[in-house]
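Asker: First to last, the sequence lines map onto chains F and X.
Each residue of the first sequence is one higher than the last, beginning at 170 in the numbering used here.
Each residue of the second sequence is one higher than the last, beginning at 170 in the numbering used here.
Yeah, the Cβ is synthetic: ideal placement off N, Cα and C, and Gly gets one too.
Protein chains: 2
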Amino acid sequence: MAAKGQVRTTQQRRVIMEELCRLKSHPTANEVYEIVRKRLPRISLGTVYRNLEILSERGMIQKLEMAGTQKRFDGITENHYHVRCIMCGCVEDVSSGPIPTINKVLNGVSDYQILWHRLEFVGICPRCREAGTQGITST
Amino acid sequence: MAAKGQVRTTQQRRVIMEELCRLKSHPTANEVYEIVRKRLPRISLGTVYRNLEILSERGMIQKLEMAGTQKRFDGITENHYHVRCIMCGCVEDVSSGPIPTINKVLNGVSDYQILWHRLEFVGICPRCREAGTQGITST
DNA sequence: TTATATGCAAATGATTTGCGTAGTC
DNA sequence: GACTACGCAAATCATTTGCATATAA
Chain F
170 MAAKGQVRTT QQRRVIMEEL CRLKSHPTAN EVYEIVRKRL PRISLGTVYR
220 NLEILSERGM IQKLEMAGTQ KRFDGITENH YHVRCIMCGC VEDVSSGPIP
270 TINKVLNGVS DYQILWHRLE FVGICPRCRE AGTQGITST
Chain X
170 MAAKGQVRTT QQRRVIMEEL CRLKSHPTAN EVYEIVRKRL PRISLGTVYR
220 NLEILSERGM IQKLEMAGTQ KRFDGITENH YHVRCIMCGC VEDVSSGPIP
270 TINKVLNGVS DYQILWHRLE FVGICPRCRE AGTQGITST
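1. Could you give the C-beta distance for I271 of chain X and L288 of chain X, rounded to a whole number, given that I count them as a contact under 8 angstroms?
2. Is the shortest distance between the beta-carbon of V252 of chain X and the beta-carbons of chain F less than 8 angstroms?
3. Taking the C-alpha atoms as reference points, what is the distance between R139 of chain F and G174 of chain X?
4. Where do the ends of the alpha helix (DSSP H) carrying R287 of chain X lie?
5. Pull up the distance between the alpha-carbon of M170 of chain F and that of L221 of chain F, whole angstroms please.
6. Can you give me the C-alpha to C-alpha distance between S213 of chain X and T197 of chain X, rounded to a whole angstrom?
7. So the beta strand (DSSP E) E261 of chain X belongs to, where does it begin and stop?
8. From V291 of chain F to V252 of chain F, what does the alpha carbon distance come to, in whole angstroms?
9. Residues in its own chain within less than 7 angstroms of R206 of chain X by CB, not counting five upstream and five downstream?
10. Measuring alpha carbon to alpha carbon, tell me which residue in F:C254, F:P267, F:V263 is nearest E299 of chain F.
11. Under 8 angstroms, Cβ to Cβ, is there at least one residue of chain F near P210 of chain X?
12. Under a three-way DSSP split, which group does S307 of chain X fall into?
13. How many angstroms separate the CA atom of I185 of chain X from the CA atom of A236 of chain F?
14. Answer with yes or no whether the minimum CB distance from V263 of chain X to chain F is below 8 angstroms.
15. Going by DSSP in three states, L214 of chain X sits in which element: helix, strand or coil?
16. Which stretch, first to last residue, makes up the beta strand (DSSP E) that contains V184 of chain F?
17. Helix or strand or just coil, what does DSSP make of V201 of chain X?
18. Looking at the structure shown, is L224 of chain X part of a helix, part of a strand, or coil, going by DSSP?
19. Is T197 of chain X close to chain F, meaning its C-beta is less than 8 angstroms from at least one C-beta of that chain?
20. Let me know the secondary structure DSSP gives C254 of chain X once reduced to three states.
21. List, in chain order, every chain X residue whose beta-carbon is nearer than 9 angstroms to that of R219 of chain F.
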């Protein structure tokens, strides 16, 4: 609940934002911490978490709640799907925007009022596919 | 990794299985623990977790890895989608099986080898809709 | 008998929070 | 100067694991 008052532009907030927008990867909070730490060595993990939360609340970044794992963060705020590699765990964008027909599937089938859906693909990334069966390309 | 040896039919394993199949809800590990505890008061949470893991490995139940929250467990093993209510957090089945066209979206768009997808709907359940905006119907 | 399971408690990993100080507006 | 944000460390929450004992086969 950080919905009151003024939001200040701090060094750490700005650097987190910058790094997140520069990256095409979708880092976890801890990865953001490690990256930002190179520029601001005294930043704390708690600050990173707090800022990621605030930035995503304000719609400046996107919080990805993926099944079963840590949250990841995305500098791109447009709604789009993601693919995760089962081998190395990396997450990438899928160029398609929301598939409109998907929500329709639920019409008449369910008595829920559907607000949105979350779709996530699982597969093997080209790097791991090439690397054979034990590719550990961490991203 | 419980893929070796023999799997024994213990009291606790059987009761967990029974309760999970009896319920249409999709309880979390802790909820399973509370439910089973009524019949086996001395069971431990660790045992519940271990058994849920083993049962899902053997395909006897389904582990649902939903975005952002605890895992939930389902006595129904057929592949199907779920809807979650944002108000009360309950999770229910959607009668539709996997939508075949979904994986096709990724063909040609991505260089990933798509294995499967995970689709989850978010909406408001009929109970909460009726109850107005503050319905807290926990399931 | 003998390996697999259990109960208990401590360990882990991700994320959150309280508190006193520092920095932005 | 007032109030938000930070750094640090401790707290939480979900889940896992080590170990000595109990139990199914």
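Answerer: Checking against the coordinates, here is how it stands:
1. Sure, about 7 angstroms apart at Cβ, within 8 angstroms.
2. True, the Cβ-Cβ gap to chain F drops below 8 angstroms.
3. Limits of chain F in this structure are 170 at one end and 308 at the other, which puts residue 139 of chain F out of reach.
4. Looking at the DSSP string, R287 of chain X is not in any alpha helix (DSSP H); the run it does join, the beta strand (DSSP E), is 282-293.
5. Any reading at M170 of chain F is ruled out, since the residue's pLDDT is 39, under 50, leaving its predicted position unreliable.
6. C-alpha separation (whole angstroms): 15 angstroms.
7. E261 of chain X -> beta strand (DSSP E) spans 260-262.
8. Near 6 angstroms, if we compare the C-alpha coordinates of V252 of chain F and V291 of chain F.
9. Taking C-beta separations shorter than 7 angstroms and ignoring five residues to either side along the sequence, the partners of R206 of chain X in its chain run I212, following chain order.
10. Nearest Cα to E299 of chain F within the set F:C254, F:P267, F:V263: F:C254.
11. Closer than 8 angstroms: no.
12. Annotation note: pLDDT 42 at S307 of chain X (below 50); position unreliable, coordinate value reported separately. Coil at S307 of chain X, not helix or strand.
13. Pairing I185 of chain X with A236 of chain F, the inter-Cα distance amounts to about 24 angstroms.
14. At a cut-off of 8 angstroms between C-beta atoms, V263 of chain X counts as an interface residue with respect to chain F.
15. If DSSP states are grouped into helix, strand and coil, L214 of chain X belongs with the helices.
16. Unbroken run through V184 of chain F is the alpha helix (DSSP H), 180-191; no beta strand (DSSP E).
17. Helix, per DSSP.
18. L224 of chain X: helix per DSSP, three-state reduction.
19. Contact of T197 of chain X with chain F is not assigned, every C-beta pair being separated by 8 angstroms or more.
20. In this structure, DSSP gives C254 of chain X an extended state, which the three-state scheme calls strand.
21. Neighbours of R219 of chain F on chain X: none; closest Cβ ~18 angstroms, over 9 angstroms.
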